[in-house]
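Sequential numbering from 141 applies to the sequence shown in the working numbering.
Let me begin by presenting the structure, written as structure tokens, before commenting on it.
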Amino acid sequence: SIDADSAEEIREILRELRYGSAAGSMNGTAAVSAPKTAAPNTSGILQSVPLSSLPSWRDVIKPHPDVAAGRYKNAEFAADLAQVARGEGSFEYRDPVEFFARTYVTEGMAGLLMQALRRIGGKDGEPVIQLKTAFGGGKTHSMLALYHMLRGTVPLSKISAVQPVLTRAGLSTLPKANVAVLVGTAIDPTRVQRPPHMPGIMIHTLWGEMAAQLASAAGNPKLYDYVKEADKKGVSPGSEALKTLFDAAGPCLILMDELVAYAKKIYHVDGLPAGSFDNFISFIQEVTEAARASENSLVVAAIPESEIEIGGVAGQAALESIAHTFGRMEAIWKPVTANEGFEVVRRRLFLDCEDTDARDRVCAAFSEMYHANQDVFPVEARELEYRERMISCYPIHPEVFDRLYEDWATLERFQRTRGVLRLMAAVIHELWMGSDAGLLILPGSLPMDIPSVRDELTRYLPDGWNALVDSEVDGKKATPYKKDQENARLGKFLAARRVARTIMLGSAPSVRAQSVRGIESARISLGVVQPGENISVFKDALSTLETSLSYLYTNPSRSRYWYDTRPTLRKTVTDRASQITDADVVREIETRLRKCKKESPFAGLHICPASSLDVPDEQAARLVLLRPTETHAVNKADSAAMTAAVDVLNNRGSNTPRIYRNMLLFVAADAGLMNDLQQDVRLYLAWQSIQNDRESLNLDAAQNRETESSLRGAHDTVDAHLREAYCWLLIPYVDKTADVRTVQWEMPRIGGDESIVIKAAKKARTDEAVIPRWAPMLLKMELDSLLWASSDHLPVKTLWEQLCTYCYLPRIASEEVLMQVIREGVNSDQYFALAAGFDGTRYIDLMFSRSVSHVDKSALLVKMAVAQKQLAEDAAKRQAEIDAAASGRDHTVTPYGGNGQGMMGGSLGSADTAHGSVADGTSPYGRPMPAVSAPAPAKKRHFFLSAALDTTRINRDVQNYVEEIIRHLTSEDGTRVTISLEVEAESDNGFSPQTIRTVSENARTLGAKDAGFEE
């Protein structure tokens, strides 16, 4: 066999070849150089340093060559004591120098090594030590440290990490022990072993395997004889035999790992070469007693805590028996604490820091940022202790370790140190090869779209997380990636992806049963923001993700966030909203519109009329809210809203032309805003359906609260956006200076937070689209302009009808507005007069400058000049009559005032006529002198009309005759209008029987007096 010195020489050659130095990787020159050019930014890796005055971590510290190059295997982070004892496995585990170079000696491990040194060195160390910690917590690694330290294969000078421990143990030289390694998973209890280095020996049991290894290590095969018979018969040899063996082979070290796994193999199984389960338990008890009784022998056993390692009834029974046995006399050491895990990982994955000043400057910049933004980051981040942690963890941010050791370590299958090593090795390799420019490796730096990184996380989680990461966290198909691409402000910092990664790392291990779930918003900031970056960008990214991700949850105060494989209610809402029909959306909008109340100056409000027939043709201002489907857009004269408004303006039903067109205004929704409103309505209806189905959906209390809150919010949003959407006031008018037959439209926008009707009413009053109060001067201007251009008077009824009908006239809110302005005008001598009637030559009861309490619709508005002329003439005639009477001459008096009563007197001479009427208007006889008028001309009492109509446009022609002729005739009191329809039709080919039958039947149905076909 090869002696220890020769073996070490061979290992030096291997270290030289592998790491460029016989001293190992920590002193080597073969570290992998970073790529000259950055890799394509497909993994969300920062390509520029956040703060130019600070270096990237890649310029300060380098990973181990195998990590940087990706040559590591995940299995290499799982120490295998049996493989090392056989001279197999990874070189960094087999080689004592490389092993200690990469091993951080924690406080617990230092205590373990010190106790072992004192025991083996003949002092007062513990004889039996139990290593008890969680799955992947470093038990096997600690036993490997004992194995390499005490076998004496390398000098102390090459494993400098042991020197402080040796000093604490009170020793000056490193003692040597004969080592036996018993790993339960590596030993087959059904087979008899024949060790090649000990010819003639057959090993059956665990105690036989131990004795054989001690005999081989001591170079004395006869030591096996102490347990030979017991081994052959499968019976525990007893503590005395074992004590004798230990003293003869001493000092010796017995390392026992995976005992529970071995016990499960023989539990309730008879006839095995390895003996029975009871004999195995007896051996465990005896070996601990023997170690305690021996001079300087040490037994170290690893006892699992994890259910995964225990497994099943047999495992539990074995654990209880073994733990009871060891619990009688062993010392328990926990090799790795959570606070030391980061140092273990850093030592295993990185070389020594090349520029400690640069490292300290980076950590100081982070500390200053945390102190300057105390409301953004956790309280502990601004403490000096946290700055020291950053230096110790460099280049990995402490938050990464906190999340892994505090959150992920709660998962049953998570292998604390081993799991962290595998994850971070994959992360570091990707960041190194991708030329990551980050100052530190933060939670937001983890490229979770890389399978080796993603799978290392999701392997500990239930099914469904791989798909969630791909769609909601990282990768080109993930929503955060798309948000970064869509928004240059976010994309510059990869903000959405980094925030999503941080939430994933900080929340995935939480379970629904927890009362408090998720990662705090302050820790999200801690996990993403670096000096030189804008904090608000990451806050915006978080808000963006909150509203766009389907599996991201938040608490009501939005202070904590977490992912869950169950879709959020927002996802359910989105799915349901996409299934809501357009008809349901329109129905909901119309329902809300119908809650609107009419407002002055409108006498009527008509909401979403299905046709023009639904809008009455009445003499009062009315507002029409068009249907949600009848929208309008800027500069779109043929919009659906305009088409609907024109139809209602011109028609009432399919066959009846509308008369009072100047009484209508319309409000329409904006096409673009209506699209947004419809989406809001879909969300509202979706939330409403979730509330209705809350029992079948099995919503928890938090989801019920979210549903109620979101439903209220969606309701308010729909109301607000409904008011915003109905923003077009459509006002028909006719330009009197142009074609009076062409209706034009004003389309002002109406805004504000008030109801649609109130906004429309205010705008209509402001723009005088509807006039609730009119001035006499304005009425006179309209009368002078057009209405009585060809006449000296105009009936009030006709004026009102014209105001209601013609869009070139002002739109008066109601008839009372007109009556009020007439009363005000008559009370002055500046505008117009009022008469009760006109007999053809004179106005009856003509008045002005008088207060009038009531205006009859049959009264006449008279031009002021005409009224003044008539009154002047009347006064002159009365004066002439008075003068004539005073002269004593007889004269004939014409009937007074057209009332049918005359006054007879003597004949008056012409000379007396010149005197005129007396000033007091009385006759010489003291009686009133009636006014004198000329004989009335004969009145025209009959009108007739006959006209040919265009059969292709008959409706238009009839409407024109109604408006321009018939309406004027019917406006006269006492007028009777008879309208008849004459139709003559001739056919050169003769009418078909079908046409004859149809026309005849329809004529009878319509009540035609005389209709028929002739040859």
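Cβ coordinates follow ideal geometry from the N, Cα and C atoms, glycine included.
Keep in mind that this is a model prediction, so the values were computed, not measured.
Annotation: the continuous alpha helix (DSSP H) that includes Leu919 extends over 916 to 922. If you look at Arg762, you'll find it isn't in any alpha helix (DSSP H); it sits in the beta strand (DSSP E) that goes 762 to 765.
Thr877 carries a coil assignment under DSSP once its states are collapsed to helix, strand and coil. Annotation for Ala442: Leu271, Lys279, Asp397 place their beta carbon closer than 6 Å to its own, counting only its chain and skipping 5 residues before and after. Rounded to whole angstroms, the gap between the alpha carbons of Lys316 and Arg334 is 27 Å. Beyond the five residues adjoining it in sequence on each side, Gln831 comes within less than 8 Å, by CB distance, of Thr847, Glu848, Leu851 in the same chain, given in chain order. Apart from the 5 residues on each side of it in sequence, Gln759 sits with its Cβ closer than 6 Å to the Cβ of Tyr800, Cys944 in its chain, given in chain order. Pro583 is the residue among Ala285, Leu709, Ile720, Pro583 whose C-alpha sits nearest the C-alpha of Leu666. For Trp702, there is no enclosing alpha helix (DSSP H); the residue is found in the beta strand (DSSP E) stretching over 700 to 703. The continuous stretches of beta strand (DSSP E) do not include Trp928, and DSSP gives it neither H nor E.
Going by DSSP, Gly631 is part of the alpha helix (DSSP H) stretching over 628 to 631.
Annotated three-state conformation of Asn791 is strand, per DSSP. As computed with DSSP, Phe988 is found in no beta bridge at all. Annotation for His933: Ala975, Phe978, Tyr983, Leu1000, Leu1001, Val1002, Lys1003, Val1006 place their beta carbon closer than 8 Å to its own, counting only its chain and skipping 5 residues before and after.
Taking C-beta atoms as the reference points, Val207 and Ile568 count as a pair closer than 8 Å. Nearest to Ser647 by C-alpha distance, out of Thr712, Pro267, Thr550, Leu927, is Thr550.
For Tyr693, the enclosing beta strand (DSSP E) has its first and last residue at 692 to 694.
According to the DSSP assignment, Pro444 belongs to the beta strand (DSSP E) that extends over 438 to 444. If the five residues before and after Val323 are omitted, its C-beta is found closer than 6 Å to the C-beta atoms of Leu221, Ala222, Asp397, Glu398, all from its own chain and listed in chain order.
If one requires a minimum length of 4 residues, the alpha helix (DSSP H) runs lying completely within the region 340 to 386 are 346 to 358, 368 to 373, in chain order. The C-alpha of Ser794 lies about 14 Å from the C-alpha of Ala785.
Segment contact: the region 413 to 432 against the region 459 to 467, three or more CB-CB distances shorter than 8 Å; contact assigned. When the alpha-carbon of Ser611 is set against those of Met644, Ala357, Thr345, Phe806, the nearest one is in Met644.
With a contact defined as Cβ atoms closer than 8 Å, Val440 and Leu412 miss out at about 26 Å.
Less than 8 Å divides the Cβ of Glu429 from the Cβ of Ser379.
The beta carbons of Tyr407 and Ala358 sit about 33 Å from each other, so the pair does not count as a contact at 8 Å. Between Glu770 and Cys748, the alpha-carbon positions lie close to 9 Å from each other. Counting C-beta pairs with one atom in each stretch, the region 678 to 689 and the region 526 to 542 have fewer than three that are closer than 8 Å, which means they do not touch. A contact between stretches requires three or more CB pairs, one per stretch, nearer than 8 Å, and the region 302 to 315 fails this requirement with the region 380 to 388. Phe633 sits close to Glu673, with the two beta carbons spaced by under 8 Å. The residue among Ala723, Lys623, Leu823 with its C-alpha nearest the C-alpha of Arg710 is Leu823. With respect to Leu870, Ala808 sits close: the two C-beta atoms are nearer than 8 Å.
Residue burial annotation: Phe490 is buried, with at least 16 other C-beta atoms found within 10 angstroms of its C-beta.
Looking at the DSSP output, Leu870 shares a beta bridge with Phe806. Following the DSSP letters along the chain, one finds Ile394 inside the beta strand (DSSP E) bounded by residues 392 to 397. Counting along the chain, Ala777 sits inside no alpha helix (DSSP H), nor does DSSP assign it H or E at all.
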